[in-house]
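In what follows, a structure is listed as structure tokens, so that the remarks can point back to it.
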Amino acid sequence: MTTAVLVIDTQQGLCEGEGAAHDCAGTIDRINRITRKARAAAAPVVFIQHESQAGYLEHGSPAWQLARGLEVSPGDLRVRKTTPDSFLRTELEALLQSRGITQLVICGMHTEFCVDTTTRRALALGYPVVLVSDAHTSAGNDAIGPQQVIAHHNATLTNISSFGPRATAVPTAELELAPRPFLSRSPLSS
Numbered sequence: 006m007t008t009a010v011l012v013i014d015t016q017q018g019l020c021e022g023e024g025a026a027h028d029c030a031g032t033i034d035r036i037n038r039i040t041r042k043a044r045a046a047a048a049p050v051v052f053i054q055h056e057s058q059a060g061y062l063e064h065g066s067p068a069w070q071l072a073r074g075l076e077v078s079p080g081d082l083r084v085r086k087t088t089p090d091s092f093l094r095t096e097l098e099a100l101l102q103s104r105g106i107t108q109l110v111i112c113g114m115h116t117e118f119c120v121d122t123t124t125r126r127a128l129a130l131g132y133p134v135v136l137v138s139d140a141h142t143s144a145g146n147d148a149i150g151p152q153q154v155i156a157h158h159n160a161t162l163t164n165i166s167s168f169g170p171r172a173t174a175v176p177t178a179e180l181e182l183a184p185r186p187f188l189s190r191s192p193l194s195s
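Here the sequence shown is numbered in my numbering, starting from 6 and rising by one per residue.
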């Protein structure tokens, strides 16, 4: 399978203040380990950034920027989105198809919104998903804490079979991305 890594909404505005996601620093560290593995295997890394029309997460604002500490390389790709679904009204699907991608590794923020919706949509589009079980996070909500949100989604998303392709939950330390020596190491552009 030809794999791409999707890093969803790991943006500064979700890592600071009262509504900051759980363990942002640890999550960013694990995402950096994942993206290093991907680059070493010549797998595309796609940073997806959520944006609003005005105010919070407005395009170009400090909150909209990728989170401090996140490692980004010149060959990494970027996709802007306005809904929890990284595929809806974006160029993501065309970008993946143009590169022959057949499997996705998903990590990022917020578990119960954009990570969940994008994972389900990827499965519906025919992409098997590796959900990195310790590299997605949430701020939690009034009903349950962030650790419970994460655990719930690791269990729920991996139990969906009706789409055909499946999601598997794998911790960062166990994630393997095979090198693709036949690919050029030149930077990819979106």
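We treat Cβ as the ideally placed atom computed from N, Cα and C, and that holds for glycine. Being a predicted model, the structure only gives us computed values, none of them experimental.
It is roughly 21 Å from the alpha-carbon of A72 to the alpha-carbon of T95.
P184 and D147 have their C-alpha atoms roughly 43 Å apart. According to DSSP, residue pairing for H141 in a beta bridge involves G113. By the Cβ criterion, the stretch 121-141 is in contact with the stretch 169-178, since at least three pairs of Cβ atoms, one from each stretch, lie closer than 8 Å. As computed with DSSP, S57 is found in a beta bridge with E63. Counted as a single uninterrupted DSSP element, the stretch harbouring T32 is not any beta strand (DSSP E) but the alpha helix (DSSP H) occupying residues 29-45. When C-alpha distances from F118 are compared across M6, I13, T8, T7, the shortest belongs to I13. Classified as buried, R35 has 16 or more neighbouring CB atoms from the shown chains inside 10 Å of its CB.
Nearest Cα to R126 within the set L109, G22, P49: L109. Collapsing the DSSP output to three states places A99 in a helix.
Under DSSP, R83 takes part in a beta bridge, and its partners are F52. Cβ atoms of P49 and L97 stay farther apart than 8 Å, at about 11 Å. DSSP lists I53, G113 as the beta-bridge partner residues of I13.
In this structure G113 touches T15 by the C-beta definition: roughly 5 Å separates them, less than 8 Å.
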